[in-house]
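S.K.:
Residue numbers (full-length UniProt numbering): 1 to 322.
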(Lines of atoms letter the chains of each structure in order from A and count residues from 1; the text may use other names and numbers.)
(Lines give C-alpha, C1' and ligand atoms only; values in the text may rest on other atoms or scores of the structure.)
Protein backbone atom coordinates (compact mmCIF):
# COMPACT_ATOMS: atom_id res chain seq x y z
CA UNK A 1 0.00 0.00 0.00
CA UNK A 2 2.78 2.42 0.90
CA UNK A 3 4.82 1.64 -2.18
CA UNK A 4 1.85 2.31 -4.44
CA UNK A 5 1.51 5.86 -3.12
CA UNK A 6 5.21 6.58 -3.64
CA UNK A 7 6.56 5.98 -0.14
CA UNK A 8 10.12 4.64 -0.11
CA UNK A 9 10.73 2.15 2.68
CA UNK A 10 13.83 0.90 4.48
CA UNK A 11 13.05 -1.97 6.84
CA UNK A 12 15.21 -2.45 9.94
CA UNK A 13 14.93 -5.98 11.27
CA UNK A 14 16.36 -8.23 13.95
CA UNK A 15 15.91 -11.93 14.65
CA UNK A 16 18.91 -13.58 13.01
CA UNK A 17 20.35 -14.86 16.30
CA UNK A 18 16.97 -16.06 17.58
CA UNK A 19 16.22 -17.77 14.26
CA UNK A 20 19.60 -19.48 14.24
CA UNK A 21 19.11 -20.65 17.81
CA UNK A 22 15.92 -22.39 16.71
CA UNK A 23 17.76 -24.21 13.90
CA UNK A 24 21.07 -25.17 15.47
CA UNK A 25 21.98 -26.74 18.79
CA UNK A 26 25.47 -25.88 20.00
CA UNK A 27 27.62 -27.33 22.73
CA UNK A 28 27.28 -25.27 25.92
CA UNK A 29 31.06 -25.12 26.14
CA UNK A 30 31.23 -22.92 23.06
CA UNK A 31 32.05 -19.29 23.89
CA UNK A 32 28.88 -17.14 24.13
CA UNK A 33 30.17 -14.60 21.60
CA UNK A 34 31.05 -17.37 19.16
CA UNK A 35 27.59 -18.90 19.72
CA UNK A 36 25.97 -15.60 18.80
CA UNK A 37 28.07 -15.35 15.65
CA UNK A 38 27.21 -18.90 14.58
CA UNK A 39 23.50 -18.46 15.31
CA UNK A 40 23.47 -15.16 13.41
CA UNK A 41 25.20 -16.59 10.33
CA UNK A 42 22.77 -19.53 10.18
CA UNK A 43 19.67 -17.55 11.13
CA UNK A 44 20.25 -14.67 8.71
CA UNK A 45 19.84 -17.02 5.74
CA UNK A 46 16.43 -18.20 6.89
CA UNK A 47 15.39 -14.71 7.94
CA UNK A 48 16.11 -13.25 4.51
CA UNK A 49 14.46 -16.22 2.83
CA UNK A 50 11.32 -15.38 4.81
CA UNK A 51 11.41 -11.73 3.74
CA UNK A 52 12.13 -12.63 0.11
CA UNK A 53 9.11 -14.96 0.05
CA UNK A 54 6.78 -12.41 1.66
CA UNK A 55 7.80 -9.53 -0.61
CA UNK A 56 7.88 -11.82 -3.64
CA UNK A 57 4.20 -12.70 -3.17
CA UNK A 58 3.37 -9.04 -3.76
CA UNK A 59 5.76 -8.62 -6.67
CA UNK A 60 8.50 -6.78 -4.79
CA UNK A 61 12.22 -7.44 -4.51
CA UNK A 62 14.09 -6.98 -1.25
CA UNK A 63 17.82 -6.69 -0.58
CA UNK A 64 19.91 -7.72 2.40
CA UNK A 65 22.08 -5.01 3.96
CA UNK A 66 24.25 -6.02 6.94
CA UNK A 67 26.08 -3.24 8.77
CA UNK A 68 28.22 -2.60 11.82
CA UNK A 69 28.92 0.55 13.80
CA UNK A 70 32.35 0.66 12.19
CA UNK A 71 30.64 1.37 8.86
CA UNK A 72 29.41 4.68 10.28
CA UNK A 73 32.88 5.64 11.55
CA UNK A 74 34.67 5.28 8.23
CA UNK A 75 33.67 8.01 5.75
CA UNK A 76 34.28 5.82 2.69
CA UNK A 77 32.15 3.01 4.12
CA UNK A 78 29.50 5.54 5.12
CA UNK A 79 29.25 7.06 1.64
CA UNK A 80 29.31 3.64 -0.07
CA UNK A 81 26.46 2.49 2.14
CA UNK A 82 24.45 5.65 1.48
CA UNK A 83 24.99 5.28 -2.27
CA UNK A 84 23.84 1.65 -2.10
CA UNK A 85 20.64 2.58 -0.26
CA UNK A 86 19.83 5.36 -2.70
CA UNK A 87 20.32 3.11 -5.73
CA UNK A 88 18.25 0.29 -4.23
CA UNK A 89 15.39 2.69 -3.55
CA UNK A 90 15.63 4.18 -7.06
CA UNK A 91 15.26 0.67 -8.46
CA UNK A 92 12.19 0.06 -6.26
CA UNK A 93 14.05 -2.52 -4.16
CA UNK A 94 13.23 -2.64 -0.43
CA UNK A 95 16.40 -2.72 1.73
CA UNK A 96 16.15 -5.06 4.73
CA UNK A 97 18.80 -3.99 7.22
CA UNK A 98 20.24 -5.82 10.21
CA UNK A 99 23.36 -5.54 12.33
CA UNK A 100 26.09 -7.89 11.15
CA UNK A 101 26.42 -9.91 14.37
CA UNK A 102 28.93 -12.24 12.71
CA UNK A 103 31.69 -9.63 12.58
CA UNK A 104 30.48 -6.87 14.95
CA UNK A 105 33.01 -5.93 17.64
CA UNK A 106 31.54 -6.39 21.12
CA UNK A 107 32.59 -2.89 22.21
CA UNK A 108 30.93 -1.34 19.16
CA UNK A 109 27.57 -3.07 18.88
CA UNK A 110 24.41 -1.05 18.47
CA UNK A 111 22.36 -0.53 21.63
CA UNK A 112 19.55 -2.10 19.66
CA UNK A 113 18.00 -1.73 16.21
CA UNK A 114 16.35 1.53 17.21
CA UNK A 115 19.80 3.11 17.27
CA UNK A 116 20.55 1.54 13.89
CA UNK A 117 17.28 2.93 12.52
CA UNK A 118 18.21 6.39 13.77
CA UNK A 119 21.61 6.29 12.10
CA UNK A 120 20.19 5.21 8.75
CA UNK A 121 17.32 7.70 8.92
CA UNK A 122 19.85 10.44 9.56
CA UNK A 123 22.09 9.18 6.77
CA UNK A 124 19.25 9.18 4.22
CA UNK A 125 17.55 12.32 5.58
CA UNK A 126 14.34 10.33 5.96
CA UNK A 127 10.98 12.05 6.36
CA UNK A 128 9.93 9.77 9.20
CA UNK A 129 10.89 6.82 11.38
CA UNK A 130 8.28 4.38 12.65
CA UNK A 131 9.39 2.28 15.62
CA UNK A 132 7.25 -0.80 16.20
CA UNK A 133 6.98 -2.01 19.79
CA UNK A 134 4.68 -4.10 21.99
CA UNK A 135 2.87 -1.16 23.62
CA UNK A 136 0.65 1.56 22.16
CA UNK A 137 3.19 4.38 22.57
CA UNK A 138 4.60 6.53 25.36
CA UNK A 139 2.25 6.54 28.35
CA UNK A 140 1.82 9.22 31.02
CA UNK A 141 2.22 6.49 33.64
CA UNK A 142 2.86 2.78 33.97
CA UNK A 143 1.56 1.10 30.77
CA UNK A 144 0.09 -1.67 32.94
CA UNK A 145 -2.01 0.84 34.85
CA UNK A 146 -5.48 1.08 33.23
CA UNK A 147 -5.62 4.79 34.12
CA UNK A 148 -2.48 5.56 32.10
CA UNK A 149 -3.03 7.14 28.70
CA UNK A 150 -0.93 7.35 25.56
CA UNK A 151 0.70 10.72 24.91
CA UNK A 152 -0.29 11.40 21.30
CA UNK A 153 2.34 14.08 20.57
CA UNK A 154 5.61 15.17 22.12
CA UNK A 155 7.23 18.46 21.13
CA UNK A 156 10.62 18.93 22.80
CA UNK A 157 10.78 22.51 21.56
CA UNK A 158 7.90 23.39 23.89
CA UNK A 159 8.37 20.96 26.76
CA UNK A 160 11.47 19.01 27.71
CA UNK A 161 10.42 17.01 30.78
CA UNK A 162 8.80 14.02 29.09
CA UNK A 163 11.63 11.79 30.33
CA UNK A 164 9.79 11.38 33.63
CA UNK A 165 7.27 9.14 31.86
CA UNK A 166 9.95 6.74 30.59
CA UNK A 167 11.21 3.78 32.56
CA UNK A 168 14.97 3.22 32.64
CA UNK A 169 14.50 -0.51 33.18
CA UNK A 170 15.95 -1.96 30.00
CA UNK A 171 15.19 -5.55 30.93
CA UNK A 172 11.48 -4.85 30.70
CA UNK A 173 11.77 -3.97 27.02
CA UNK A 174 14.78 -5.90 25.74
CA UNK A 175 18.31 -4.82 24.89
CA UNK A 176 17.47 -1.17 24.41
CA UNK A 177 13.90 -0.72 25.59
CA UNK A 178 11.59 2.27 25.63
CA UNK A 179 14.28 4.43 27.20
CA UNK A 180 16.47 3.97 24.11
CA UNK A 181 13.50 4.47 21.76
CA UNK A 182 12.68 7.74 23.50
CA UNK A 183 16.29 8.92 23.24
CA UNK A 184 16.51 8.09 19.53
CA UNK A 185 13.17 9.80 18.85
CA UNK A 186 14.33 12.92 20.69
CA UNK A 187 17.59 13.01 18.74
CA UNK A 188 15.80 12.56 15.40
CA UNK A 189 13.33 15.33 16.28
CA UNK A 190 16.21 17.79 16.65
CA UNK A 191 17.28 16.84 13.12
CA UNK A 192 13.88 17.48 11.57
CA UNK A 193 12.87 13.81 11.29
CA UNK A 194 9.45 12.95 12.72
CA UNK A 195 9.39 9.74 14.76
CA UNK A 196 6.45 7.54 15.72
CA UNK A 197 6.39 4.88 18.45
CA UNK A 198 3.46 2.56 17.80
CA UNK A 199 2.14 -0.89 18.60
CA UNK A 200 3.42 -3.22 15.89
CA UNK A 201 0.76 -5.81 16.70
CA UNK A 202 -2.05 -3.58 15.42
CA UNK A 203 -3.23 -4.20 11.88
CA UNK A 204 -2.31 -1.60 9.23
CA UNK A 205 -0.59 0.56 11.87
CA UNK A 206 2.19 1.70 9.50
CA UNK A 207 -0.27 2.72 6.79
CA UNK A 208 -2.33 4.57 9.41
CA UNK A 209 0.72 6.56 10.52
CA UNK A 210 1.64 7.53 6.95
CA UNK A 211 -1.94 8.63 6.30
CA UNK A 212 -1.79 10.99 9.27
CA UNK A 213 -4.01 9.14 11.72
CA UNK A 214 -3.27 9.65 15.42
CA UNK A 215 -1.73 6.30 16.27
CA UNK A 216 0.72 5.83 19.13
CA UNK A 217 3.08 8.68 20.02
CA UNK A 218 4.43 11.14 17.47
CA UNK A 219 7.58 13.13 18.22
CA UNK A 220 7.28 16.50 16.50
CA UNK A 221 10.29 17.30 14.31
CA UNK A 222 12.04 20.66 14.46
CA UNK A 223 14.35 22.35 11.97
CA UNK A 224 16.23 20.38 9.34
CA UNK A 225 19.97 19.99 9.92
CA UNK A 226 22.82 19.72 7.45
CA UNK A 227 24.16 16.27 6.59
CA UNK A 228 27.28 16.91 8.70
CA UNK A 229 25.27 17.91 11.77
CA UNK A 230 23.00 14.87 11.39
CA UNK A 231 26.05 12.63 11.31
CA UNK A 232 27.50 14.35 14.38
CA UNK A 233 24.30 13.65 16.30
CA UNK A 234 25.36 10.00 16.49
CA UNK A 235 29.04 10.54 17.20
CA UNK A 236 29.14 9.49 20.86
CA UNK A 237 30.87 6.19 20.15
CA UNK A 238 33.33 7.80 17.75
CA UNK A 239 34.63 10.80 19.70
CA UNK A 240 38.39 10.97 20.25
CA UNK A 241 38.48 13.51 23.08
CA UNK A 242 36.60 15.97 25.26
CA UNK A 243 36.73 19.74 25.52
CA UNK A 244 35.28 21.47 28.60
CA UNK A 245 33.88 25.00 28.29
CA UNK A 246 33.12 27.72 30.83
CA UNK A 247 29.66 29.07 31.66
CA UNK A 248 29.96 32.02 29.30
CA UNK A 249 30.83 29.79 26.34
CA UNK A 250 28.07 27.34 27.30
CA UNK A 251 25.44 30.09 27.35
CA UNK A 252 26.54 31.40 23.96
CA UNK A 253 26.59 27.94 22.35
CA UNK A 254 23.14 27.04 23.70
CA UNK A 255 21.59 30.36 22.70
CA UNK A 256 19.93 30.90 19.35
CA UNK A 257 22.98 32.74 18.08
CA UNK A 258 25.18 31.29 15.35
CA UNK A 259 28.41 30.78 17.29
CA UNK A 260 31.57 28.73 16.93
CA UNK A 261 33.55 27.39 19.90
CA UNK A 262 36.51 29.68 20.53
CA UNK A 263 39.54 28.72 22.68
CA UNK A 264 38.84 31.65 25.01
CA UNK A 265 35.84 29.71 26.35
CA UNK A 266 37.72 26.43 26.81
CA UNK A 267 38.87 25.46 30.32
CA UNK A 268 40.25 21.94 29.75
CA UNK A 269 41.09 19.47 26.98
CA UNK A 270 41.17 15.69 27.49
CA UNK A 271 42.36 12.98 25.11
CA UNK A 272 44.58 12.96 22.06
CA UNK A 273 43.01 13.91 18.75
CA UNK A 274 43.99 15.17 15.33
CA UNK A 275 42.54 17.85 13.09
CA UNK A 276 39.24 16.58 11.68
CA UNK A 277 38.45 14.22 14.58
CA UNK A 278 35.12 14.29 16.40
CA UNK A 279 35.28 15.45 20.02
CA UNK A 280 32.70 15.91 22.78
CA UNK A 281 31.76 19.29 24.20
CA UNK A 282 30.99 19.38 27.94
CA UNK A 283 30.40 22.13 30.50
CA UNK A 284 32.35 22.58 33.73
CA UNK A 285 29.93 20.23 35.53
CA UNK A 286 30.83 17.58 32.92
CA UNK A 287 27.36 17.65 31.36
CA UNK A 288 27.49 16.72 27.68
CA UNK A 289 26.46 19.58 25.41
CA UNK A 290 27.18 18.08 22.01
CA UNK A 291 29.87 17.13 19.49
CA UNK A 292 32.01 18.81 16.90
CA UNK A 293 34.77 18.34 14.35
CA UNK A 294 37.96 19.96 15.61
CA UNK A 295 39.93 22.35 13.41
CA UNK A 296 43.27 21.46 15.00
CA UNK A 297 44.88 18.78 17.15
CA UNK A 298 44.77 18.30 20.92
CA UNK A 299 48.24 19.80 21.50
CA UNK A 300 47.34 23.09 19.85
CA UNK A 301 43.91 23.01 21.53
CA UNK A 302 45.59 22.66 24.93
CA UNK A 303 48.10 25.41 24.17
CA UNK A 304 45.26 27.74 23.10
CA UNK A 305 43.09 27.33 26.23
CA UNK A 306 41.70 30.70 27.35
CA UNK A 307 43.42 32.64 24.58
CA UNK A 308 41.74 35.36 22.51
CA UNK A 309 42.15 36.02 18.79
CA UNK A 310 42.75 32.34 18.03
CA UNK A 311 40.92 30.45 15.29
CA UNK A 312 37.78 28.60 16.44
CA UNK A 313 38.41 25.11 17.80
CA UNK A 314 35.05 23.96 16.39
CA UNK A 315 33.24 25.90 13.66
CA UNK A 316 29.46 26.29 13.96
CA UNK A 317 28.88 24.40 10.69
CA UNK A 318 30.65 21.36 12.14
CA UNK A 319 28.95 21.31 15.54
CA UNK A 320 25.88 19.49 16.88
CA UNK A 321 24.39 20.58 20.21
CA UNK A 322 21.91 18.38 22.05
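Don't be surprised by glycine CBs; every beta carbon is placed ideally from N, CA and C.
All values derive from a computational prediction rather than experimental measurement.
I'd like to confirm the pairing. Which residues does DSSP put opposite residue 62 in its beta bridges?
M.R.: According to DSSP, residue 62 bridges with 94.
S.K.: Taking only the alpha-carbon atoms, compute the straight-line gap between residue 170 and residue 303 and give it to the nearest angstrom.
M.R.: Confidence at residue 170 is low in this model, with a pLDDT of 48, below 50, so its placement is unreliable and no value can be given for it.
S.K.: How would you write the range of the alpha helix (DSSP H) that residue 113 sits in, first residue to last?
M.R.: Per DSSP, residue 113 belongs to the alpha helix (DSSP H) from 113-124.
S.K.: From the DSSP secondary-structure annotation, give me the bridge partner or partners of residue 326.
M.R.: Nothing can be reported for residue 326, as the shown portion of the chain is limited to 1 through 322.
S.K.: 9 Å is my cut-off, CB to CB: does residue 113 come that close to chain C?
M.R.: Within the model displayed, chain C is absent; a lone protein chain is all it includes.
S.K.: Have a look at residue 282 and residue 67 and give me their C-alpha separation to the nearest angstrom.
M.R.: Whole-angstrom Cα-Cα distance: 30 Å.
S.K.: Could you name the residues that DSSP lists as bridge partners for residue 179?
M.R.: Per DSSP, none; premise fails for residue 179.
S.K.: Just verifying my parser: in three-state terms, what is the DSSP assignment at residue 296?
M.R.: Residue state, collapsed to three classes: coil.
S.K.: Excluding sequence positions up to five away, which residues of its chain have a Cβ less than 6 Å from the Cβ of residue 89?
M.R.: Excluding positions up to five away in sequence, the list reads 8.
S.K.: Taking only three categories from DSSP, how would you classify residue 45?
M.R.: In the structure shown, residue 45 sits in a helix (DSSP, three-state: H, G or I).
S.K.: Taking a contact to mean a Cβ-Cβ separation below 9 Å, would you say residue 280 touches residue 310 in this structure?
M.R.: Against a cut-off of 9 Å, the Cβ pair of residue 310 and residue 280 comes out as no contact.
S.K.: Count the other C-beta atoms from every protein chain shown that fall within 10 angstroms of the C-beta of residue 58, then say buried if there are 16 or more, exposed otherwise.
M.R.: By the 10 Å Cβ count, residue 58 comes out exposed.
S.K.: If you drop the 5 nearest sequence neighbours on each side, which residues of the same chain put their C-beta closer than 8 Å to that of residue 207?
M.R.: So the qualifying residues of the chain are 1, 2.
S.K.: Only counting the same chain, and skipping five residues up and downstream in sequence, which positions put a Cβ closer than 8 Å to that of residue 259?
M.R.: Same-chain partners within the cutoff: 252, 253, 316.
S.K.: Along the chain, where does the beta strand (DSSP E) that runs through residue 321 open and close?
M.R.: From DSSP, the beta strand (DSSP E) with residue 321 extends over 314-321.
S.K.: Would DSSP call residue 52 helix, strand or coil?
M.R.: Helix.
S.K.: Mind checking residue 323: buried by the 16 CB within 10 Å criterion, or exposed?
M.R.: It is not possible to answer for residue 323, since the shown part of the chain is limited to 1 through 322.
S.K.: Would you check if the stretch 211-227 and the stretch 264-280 touch, i.e. whether three or more CB-CB distances between them fall below 8 Å?
M.R.: Counting Cβ pairs under 8 Å, fewer than three are found: no touch.
S.K.: Just to check my reading of the structure: residue 10 and residue 95 have Cβ atoms closer than 8 Å, yes? What is that Cβ distance to the nearest angstrom?
M.R.: Correct: roughly 5 Å between the Cβ atoms.
S.K.: Use the C-beta contact count for residue 263: other C-beta atoms within 10 angstroms, 16 or more gives buried, fewer gives exposed.
M.R.: The residue is buried, with at least 16 neighbouring Cβ atoms inside 10 Å.
S.K.: Decide if residue 247 is buried, meaning its Cβ has at least 16 other Cβ atoms within 10 Å, or exposed.
M.R.: By the 10 Å Cβ count, residue 247 comes out exposed.
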